[in-house]
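**Student:**
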Amino acid sequence: MANKYSWPEKPALLGTSVKRLDGPDKVTGRAKYTYDINRPGMLYGKMVRSPLPHARVVSIDLSAAEKAPGVKAVLAHVAVGAQVMYQGDPVAAVAADTEERALDAARMIRVRYEALPHFANVEQAMATDAPAVFPGGNTRQGATEETGDLVAGFAKAAHIVEATYATHVITHVCLETHGCVCEWDGDKLTAWISTQAVIQSAQQFAQALGIPQANVHTIMQYMGGGFGSKFGPDSQGIICAKLAKLAKAPVKLMLDRKEEHLDTGNRPSATAHIRAGITADGMLTAFDGQSWGTGGAGATSGFPLPYIYNFPTRKRTHKDVYINAGQQRAMRAPGHPQGCFLTEILMDELADTIKMDPVAFRVKNLPPAAPNAMWAEYFARGAKAFGWDKRHATGDPTPGPIKTGMGVSAHRWGGAGQGSQAHVDIMSDGGIVVKCGTQDIGTGTRTIVGMVAAETFGLPLSAIKVEIGDSLLPFSGGSGGSTTAASAMPAIRVTSVDALEALFAKVAPALGTAPENLVAEGGRIFIKGTPAKGLSWKDACKLIGTEPISVNGKWAQGLSGSGTSGVQFAEASVDIETGIVRVTRILAIQDCGLIVDKLTAESQAYGGVIAAINFALFEDRILDRVTGQMVNPNMEMYLLAGMSDVPKIDIMLNNMPERGVIGIGEPPTVSTASAIANAVRNATGATIRSLPLHPHKVLAALEQEKAGGTN
Amino acid sequence: MKHLTSPKLTPGVHCLNIRHKGMFVTSGPDPDEFAFYDKYDSTAYWCVETSRGFGPDGAPVRPDCCSGERDCCKH
Amino acid sequence: MKAFSYVNPSSEKEAVAALKTDGIAMVIGGGQDLLARMKDYIDSPDRLVNVKGLDATMTSTPDGGMKIGSAVKIIDLFEHAQVAKLYPSVNAAAIEVGTPQIRNQGTVGGNVNQRPRCWYFRNEEFVCFKKGGSRCFAVNGENQYHAIFGNEGPSHIVHPSSLAVPFMAYGAKFRVLGPNGEREIAAADYFTMPTLQNVLKENVLDDEDILTHVILPAPGIVKSGHYEVRYKASHDWPLAFSTVVLTMSGNTISSARVVLGAVAPIPWRSKAAEAFLAGKPLNEATAAAAGEAAVSEAKPMSGNAYKVQIAKTAVKRAIMNAAGLNTV
Chain A
194 MANKYSWPEK
204 PALLGTSVKR
214 LDGPDKVTGR
224 AKYTYDINRP
234 GMLYGKMVRS
244 PLPHARVVSI
254 DLSAAEKAPG
264 VKAVLAHVAV
274 GAQVMYQGDP
284 VAAVAADTEE
294 RALDAARMIR
304 VRYEALPHFA
314 NVEQAMATDA
324 PAVFPGGNTR
334 QGATEETGDL
344 VAGFAKAAHI
354 VEATYATHVI
364 THVCLETHGC
374 VCEWDGDKLT
384 AWISTQAVIQ
394 SAQQFAQALG
404 IPQANVHTIM
414 QYMGGGFGSK
424 FGPDSQGIIC
434 AKLAKLAKAP
444 VKLMLDRKEE
454 HLDTGNRPSA
464 TAHIRAGITA
474 DGMLTAFDGQ
484 SWGTGGAGAT
494 SGFPLPYIYN
504 FPTRKRTHKD
514 VYINAGQQRA
524 MRAPGHPQGC
534 FLTEILMDEL
544 ADTIKMDPVA
554 FRVKNLPPAA
564 PNAMWAEYFA
574 RGAKAFGWDK
584 RHATGDPTPG
594 PIKTGMGVSA
604 HRWGGAGQGS
614 QAHVDIMSDG
624 GIVVKCGTQD
634 IGTGTRTIVG
644 MVAAETFGLP
654 LSAIKVEIGD
664 SLLPFSGGSG
674 GSTTAASAMP
684 AIRVTSVDAL
694 EALFAKVAPA
704 LGTAPENLVA
714 EGGRIFIKGT
724 PAKGLSWKDA
734 CKLIGTEPIS
744 VNGKWAQGLS
754 GSGTSGVQFA
764 EASVDIETGI
774 VRVTRILAIQ
784 DCGLIVDKLT
794 AESQAYGGVI
804 AAINFALFED
814 RILDRVTGQM
824 VNPNMEMYLL
834 AGMSDVPKID
844 IMLNNMPERG
854 VIGIGEPPTV
864 STASAIANAV
874 RNATGATIRS
884 LPLHPHKVLA
894 ALEQEKAGGT
904 N
Chain B
2 MKHLTSPKLT
12 PGVHCLNIRH
22 KGMFVTSGPD
32 PDEFAFYDKY
42 DSTAYWCVET
52 SRGFGPDGAP
62 VRPDCCSGER
72 DCCKH
Chain C
634 MKAFSYVNPS
644 SEKEAVAALK
654 TDGIAMVIGG
664 GQDLLARMKD
674 YIDSPDRLVN
684 VKGLDATMTS
694 TPDGGMKIGS
704 AVKIIDLFEH
714 AQVAKLYPSV
724 NAAAIEVGTP
734 QIRNQGTVGG
744 NVNQRPRCWY
754 FRNEEFVCFK
764 KGGSRCFAVN
774 GENQYHAIFG
784 NEGPSHIVHP
794 SSLAVPFMAY
804 GAKFRVLGPN
814 GEREIAAADY
824 FTMPTLQNVL
834 KENVLDDEDI
844 LTHVILPAPG
854 IVKSGHYEVR
864 YKASHDWPLA
874 FSTVVLTMSG
884 NTISSARVVL
894 GAVAPIPWRS
904 KAAEAFLAGK
914 PLNEATAAAA
924 GEAAVSEAKP
934 MSGNAYKVQI
944 AKTAVKRAIM
954 NAAGLNTV
């Protein structure tokens, strides 16, 4: 039911492409990221971390560091006798007057370790003779999910595919590393922190430090990426605050790239041994999967499996395997890229058993179409736009070493939000301030907050002053789960509508009408249907007087929705003499309910696709199998796409304004990697069932295919 | 406290120091989620006291063990 | 990073003199390798001797060859018309080095003398042979980017220089200046296979030696080709690459130099491929067979057999490049 808060039917701004309002600040350097915050008398913090994957701390000697030049504070983070469970586990820290002196002093902290048995990979942890490394067991078997009669399901199958599929561990690689600047004023703490959860960080600082939450003020104006890994102060934040307290001076503690790889989260690995059945006319009948994965030391590794497609009978078990590596954290659509890859490669193998087109096969086995399940339509639209009719059957028949192929894949995500609050002030000079304790983690939140207010007031975006990213602002949630837009936009809309109503009440007598007859459009407030009978925004606001219109509001039903679907097509070429894969084209079809800013929504899709190309081809956290230490904790040997590695990417957003706002941050990164892997399979005729698509795997699969098939 | 409404954790049962990302995100319900795949748990947990995935006693942080008799458990 | 002193010599003799110290002195050119090693605590010199101010010219020699100063920037090497005309494979290798920033800052001498990119060498946790330790972690570890030739040990690195490979293929000599004067060393004798005695370095330079020039002989009537295989298209180390220099008699190859990079602890000359090519017509079939010959004696490690296929392809395609044929 439409009400006064409903999104406008003919919006002036919403759904158009609007440039970020902080774009110029970012490109000129005026925007201050946490890294850029410098306080008077500020010190630099540096942590000492375990070089070993598993050890007992035998002794910690801080004395040399305490005497080092420029050092103002040194602390031990763990007690002697404690165990470190992975390379990079924090042990101690130091603060000094320059960054260089802090680095030097950190190396003077002498920690002696007693090495303990460790696991560098899941094979070691799952070995029958593996030592007991983790309290309570090295693995943890989850519950079995079972639906329908599996035996009957397989009995109906004309063909069965049985194989093992796997994805690997990658890290978040935020361009701005984790960290903060902490400054005490008596027992009050101010922390500038690179976080996806500015208000929630204050809560964690308070609880970990044992101080009232009311005494903590956290600020995050700009940040260089989090992807799920920045939901609180972490050890570096707590250590930074403690160092600042000890030193009686502000401390900046930002992690380096190596620390990022080792101790700020990762996407768990996923492996599944799967048996699946299909009828002769292409209906799925059964799915039996045993999966396992590692989220590092003591952490879970779950993921959805099978993904999306309708297996009427299915059984699935999952086991978490613990290894001595940094713990996983939520990473852009947790679990989905893994479950999507494992399922979608299987789907192409199943389709080939009956020589059925992969798109037609998928459409045949989809759940019923719905506004949150639009795959059938997207497969059709995408196939047309991408030129799917030019796709050859598995194995490019053209001569020469370069083989080209196409692949396709589907995904979904929730993206619903709630709970945000907001505050709007309208001043007598016409100025408008919109306040909300959300944060812009690089997605464009600052811009869309302004757009919703500007749309409501009939003003340009430049008329709105947006205040976000501060724990003193009205409550909003952390930016995760693609919930920010769906949580904050309704609050901004409701509060702006209420503020506008209050303004109408002041303006109506001057125009000789009732408030409900007024509209605000094009920078004017006027009587509906007669634009001449009205006032400019500025003149209207003169009627406000000295006491501003000051309105609080909160999220309301009906302005946001839940559930997005998307389909991606990929084209890749493979050099079969070198095993090198190049992605040549991606088409991403995505819905996100009501599009607020088309430009930043598309930007989310571009970013998601590029990140997933990295997942498919390049990124790989590689631990030395003997020592358990990471061999590529940098951005040289931990590979990331450069400009030349990024293909042509087309984004097709499906605007569904009737569904309200739904988040889009995560879904576009889910299905790219499996579409690429299917394109590689289509190009070469060889199936690579694990990521990344490294040349060694491509060549091995080709070799195996030559020798009789990759089955 | 808002996070105690998290479906994964129960006030009075689980330790007050256990944390996961979902406690800090005001997500709305996704009623159809399990029409598209079965249940799974991808959640990373941490202890707010140690700032890592292991509690003060060195054992992993998880809902099934961060409760009841565990010595470091806070209520 | 350890504090260090910085010496800015005004001549090559002063540079050599400045390397004499009780501590550790190191030569710094563009610094693209050394500064990273210092920041990562792989090297902690007491003194840096800047050689960016030394000879950065490229001049013709009386015999029709060229003399290239070590301080020449890689981008200037690439843009030099005479280099491109006489030594097209040097030109081809130069533009594939690193990134635009690295090519604009890095020098020819620095490229030739850079230390291995081996991830065990580059992380301080791993005290390997090359850092004075007593093992090569690649043997039982993650060796997908390590050597497939010259794997007798003790170290299994691949030589990191892109320019050294075409230099060797064109028969370059390296002019070295030390406390006892200058000497010219053939490229083949400049780079050293690891032994327990010399594993701490990759070439014959002594502590007080500097590489001042690369001297390329007149190329003669040759066709040359260069081909690099990279995992990523931008900023990545090659998985394997090759330069071939073919001395032609009509369309027949009278003699050949075939050098491979990123496959061995030194730029790796393939005598087998060279022997095969002598007397053969220059065509695709010859190129493919020479590729096979080039890897016939490869001895890959546990995780890098795929590099044999890539090295084979690199040689084949370098020859096809030389023949003016499409490589793919």
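Residue numbers (the numbering used here), protein chains in the order written: chain A, 194 to 904; chain B, 2 to 76; chain C, 634 to 961.
C-beta: ideal position from N, C-alpha, C; glycine also.
1) Going by DSSP, which residues form a beta bridge with A/His604?
2) List, in chain order, every chain B residue whose beta-carbon is nearer than 7 Å to that of A/Glu338.
3) My guess is that A/Ile431 and B/Ser52 are in contact by the Cβ rule of under 8 Å, so how many angstroms apart are they, rounded?
4) Would A/Thr163 be called buried (16 or more neighbouring beta carbons within 10 Å of its own) or exposed?
5) If the cut is a Cβ gap below 9 Å, which residues of chain B does A/Gly610 touch?
6) Between which two residues does the alpha helix (DSSP H) containing A/Cys433 stretch?
7) Please state the DSSP three-state secondary structure of A/His887.
8) I need the straight-line Cα distance from C/Ser677 to A/Arg555, nearest angstrom please.
9) Which one of A/Ala399, A/Gly346, A/Pro461 and A/Pro443 has the shortest CA to CA distance from A/Thr506?
10) Cβ of C/Glu785 less than 9 Å from any chain A Cβ?
11) With a threshold of 8 Å, are at least 3 pairs of Cβ atoms found where one atom belongs to the stretch 12-20 of chain B and the other to the stretch 625-635 of chain A?
12) When you compare only the Cα positions, how much space is there between B/Ser43 and A/Ala490?
13) CA-CA distance, A/Asp813 and A/Gly772?
14) In the DSSP assignment, find the alpha helix (DSSP H) that holds C/Lys646 and state where it starts and stops.
15) According to a CB-to-CB cut-off of less than 7 Å, which residues of the stretch 685-707 of chain C neighbour chain A?
16) Could you spell out where the alpha helix (DSSP H) holding C/Ser888 opens and where it closes?
17) Since A/His511 meets chain B, which of its residues come closer than 9 Å, beta carbon to beta carbon?
18) Relative to the alpha-carbon of C/His846, which residue among C/Gly853, C/Asp839 and C/Ala805 has its alpha-carbon at the smallest distance?
19) Pop quiz: C/Glu775 and A/Pro244 are said to be a contact at Cβ under 8 Å. What is the actual Cβ separation, rounded to whole angstroms?
20) Kindly indicate which three-state DSSP category A/Gln393 falls into: helix, strand or coil?
21) Can we say the stretch 754-766 of chain A touches the stretch 812-829 of chain A, given the rule of at least three CB pairs closer than 8 Å?
22) Measure the C-alpha to C-alpha separation of A/Pro850 and A/Ile634 and round it to an integer number of angstroms.
23) From A/Asp427 to A/Pro840, what does the alpha carbon distance come to, in whole angstroms?
24) With the cut-off set at 9 Å, would you say A/Arg460 and A/Thr364 are in Cβ contact?
25) Quick one: what's got a C-beta closer than 7 Å to A/Val552's C-beta in the same chain, skipping five residues either side?
26) Taking A/Val315 and A/Val284 to be in contact with their CB atoms under 8 Å, please state how far apart those CB atoms are, rounded to whole angstroms.
27) Report the three-state DSSP secondary structure of B/Gly13 (helix, strand or coil).
28) Assuming A/Phe480 and A/Ile501 form a contact by the criterion Cβ under 8 Å, report the distance between their Cβ atoms to the nearest whole angstrom.
29) Can you list, in chain order, the residues of its chain with a C-beta nearer than 6 Å to that of A/Val303? Leave out the 5 residues immediately preceding and following it.
30) Short of 9 Å Cβ to Cβ, which residues in the stretch 818-835 of chain A face chain C?
31) Checking 9 Å against the spacing of the C-beta atoms, do C/Val862 and A/Ile595 come in under that value?
32) By how many angstroms is the C-alpha of A/Ala258 removed from the C-alpha of A/Val267?
33) Quick check: the Cα distance between B/Tyr38 and A/Asn875, rounded to an integer number of angstroms?
34) To which residues of the same chain is C/Met691 closer than 8 Å at the C-beta, ignoring the five residues directly before and after it?
35) Taking Cβ-Cβ distances shorter than 8 Å, what residues in chain A pair up with B/Cys66?
36) Going by C-alpha to C-alpha distance, which of A/Arg584, A/Leu652, A/Thr636 and A/Pro560 sits closest to A/His604?
**Tutor:** On the basis of the supplied data:
1) A/Gly759
2) Asp39 and Lys40
3) 5 Å
4) It is not possible to answer for residue 163 of chain A, since the shown part of chain A is limited to 194 through 904.
5) Val26, Thr27, Ser28 and Gly29
6) Asp427 to Ala440
7) coil
8) 59 Å
9) A/Gly346
10) no
11) no
12) 14 Å
13) 17 Å
14) Glu645 to Ala651
15) none
16) That residue, C/Ser888, is in no alpha helix (DSSP H); its beta strand (DSSP E) goes Thr885 to Gly894.
17) Tyr41 and Asp42
18) C/Ala805
19) Contact flag wrong, Cβ pair sits at about 17 Å.
20) helix
21) no
22) 24 Å
23) 36 Å
24) yes
25) Phe572, Ala576, Trp581 and Val601
26) Incorrect: roughly 26 Å between the Cβ atoms, too far for contact.
27) coil
28) Going by Cβ atoms, the distance from A/Phe480 to A/Ile501 rounds to 12 Å, so no, they are not a contact pair.
29) Inspection of the sequence shows that residue 303 of chain A is occupied by Arg rather than by Val. Answer for A/Arg303: Asp254, listed in chain order.
30) Arg818, Val819, Thr820, Gln822, Met823, Val824, Asn825, Pro826, Asn827, Glu829, Met830, Leu832, Leu833, Ala834 and Gly835
31) no
32) 7 Å
33) 27 Å
34) Met699, Lys700, Ile701, Gly702, Val705, Asp709, Leu710, His713, Gln715 and Val716
35) Gly329
36) A/Pro560
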